[in-house]
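A short write-up of the structure that comes next.
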């Protein structure tokens, strides 16, 4: 448990009682340690790193107190500079009726990235809508597809 304590405040899972080391709602690891995790539904599986890992993230949809509801989007990761937060670029075409042509447009979305995923710039991620996690973050990463090397992250997809 000592390697989990990297923040200034004490890190623990809310669903695990520290008094008698029993799980209030969910599962137990094979190694005897108690760890809470859940299935978010919608056809997305809980990653093995969320089940077997030892990170603590209260905003993680698999091990924390966040539910995924509403919109599910896909996008390309543009930036991973923030702690546990990524920026996703979504490209789309907008039709201009006067010229009978399309123009390229994009928008950026901030999303919470759980430590269960090892995300790099250029990867394609699936995000789901959740409650507001901070001022700008309303989405949470629920699936991750690593990009092959040599692909451009700014290419229109």
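In my numbering, the protein residues as written are 8 to 164.
Beta carbons: idealized from backbone N, C-alpha and C, even for Gly.
Item                                                                                                            : Value
Delimiting residues of the beta strand (DSSP E) encompassing residue 86                                         : 79-89
Whether residue 84 touches residue 75 by CB criterion (7 Å)                                                     : no
Burial state of residue 149 (16 or more Cβ within 10 Å)                                                         : buried
Exposure label - residue 102; buried when at least 16 CB within 10 Å                                            : exposed
Beta-carbon proximity check, residue 132 vs residue 151, cutoff 7 Å                                             : yes
Whole-number beta carbon distance between residue 121 and residue 46, since they are thought to touch under 8 Å : So it is not a contact: roughly 14 Å between Cβ atoms.
CA-to-CA distance, residue 69 to residue 21, given in whole angstroms                                           : 13 Å
Check whether residue 153 and residue 130 have beta carbons under 7 Å apart                                     : yes
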